[in-house]
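Here's the structure we're looking at; comments come further down.
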Amino acid sequence: MVPVEIPPYVLLLPGIWQDSNIYLVRSEDEALLIDTGTGMFIGQYLPFLMERLSGVERLTILNTHEHYDHTGGNLRMKAALEKRGITVRFAAHELTAEAIEKANDRIILAFHYGRSFEPHAVEVKFTGGEGLRVGSLSFEVLHTPGHTRGSIMLYDREEKLLFTGDTIFEGTIGRVDFPTGSLGEMLGTLNRLLDLDVDLGLPGHGKVILNWDENLRKVLKLTEGLL
Ligand SMILES: [Zn+2]
């Protein structure tokens, strides 16, 4: 696993095996971690994270949705960060938060990995449309159902960066056949994304999306073909 520096402020830790990508955003004495993988490979990510977190006092772990390959590492990550004196809180859409707080494995799907999910509190709950500040940076939370009902994206309007979770990848969309997934909602989400000005898509798995507009039109066509 080789971390990828994405200017001006993002560190991408490409997911190992089936882990989600993990993104670290740092500004001043605050940081944001987007998704945590399954937790099986946390020891391999931590050295790169810790190197970046010197001087950070507060960190938010934001889950784009509840699937185990994005949330399985939540508690281990929190414990490791708290050991370094960093205060950690969790943030997610309220529907994702509900699944996490109840350890609803019908949606989380830890059993796919032969694991069980340990429930925990989610301190910040979104419905979509909120702002999220990290130091001097500000993001918009977009509710983007389709892959799961509580999927969110995080948008930096100034830098035109979009963290897409499992909704859009390079060349394709996330699966819609898991519990709470919906092809119709996915299509609505993709259509709403046409209004956004995006330079770079940062997905939950795989490579960053450099050709955003072209890719969005392609996956939209693909999704319409599935209806
Ligand atoms: Zn997923």
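Counting along the sequence shown from 1, when you hit position 47 you're at 677 in my numbering, and nothing is skipped either side.
The C-beta atom is built at its ideal place from N, Cα and C for all residues, glycine as well.
Computed from a predicted structure; not experimentally measured.
| query | result |
| --- | --- |
| Would you call the CB atoms of R714 and L683 closer than 8 Å? | yes |
| As a quick check of your reading: which residues have a C-beta less than 5 Å from at least one non-hydrogen atom of ligand 1, in chain order? | H697 and D796 |
| Could you tell me which whole alpha helix (DSSP H) segments of length 4 or greater appear in the segment 745-813? | none |
| Taking the beta carbon of S781 as the centre, do at least 16 other beta carbons fall within 10 Å, making it buried, or is it exposed? | buried |
| Count the C-beta pairs between the segment 738-751 and the segment 633-640 that are closer than 8 Å, then say yes if the count reaches three, no if not. | no |
| Can you have a look at W842 and say buried or exposed, based on whether 16 or more other CB atoms are within 10 angstroms of its CB? | buried |
| Ends of the beta strand (DSSP E) at T668? | T668 -> no beta strand (DSSP E), and no H or E assigned at all. |
| Fully enclosed by the segment 652-725, which alpha helix (DSSP H) runs are 4 residues long or longer? | 672-682, 698-701 and 704-713 |
| Evaluate S650 with the Cβ neighbour count: other Cβ atoms within 10 Å of its Cβ, from every protein chain shown; 16 or more gives buried, anything less gives exposed. | buried |
| Just to check my reading of the structure: N704 and T726 have Cβ atoms closer than 8 Å, yes? What is that Cβ distance to the nearest angstrom? | Actually they do not touch by this definition, with Cβ atoms about 11 Å apart. |
| In three-state terms, what does DSSP make of G831? | strand |
| Which residues share a DSSP beta bridge with L643? | I652 |
| Looking at E748: is its Cβ nearer than 8 Å to the Cβ of G776? | no |
| Determine the closest residue to V849 out of T797, E770 and L826, with distance taken between C-alpha atoms. | T797 |
| Straight-line CA distance for R779 to G818? | 12 Å |
| Helix, strand or coil for V849? Go by DSSP, reduced to three states. | helix |
| V640 to L823, Cα distance in whole Å? | 22 Å |
| Any idea which residues DSSP pairs E635 with across the strands? | L641 |
| Does the Cβ-Cβ distance between T757 and E724 come in under 8 Å? | yes |
| Hey, could you find the ends of the alpha helix (DSSP H) D735 is sitting in? | D735 to I738 |
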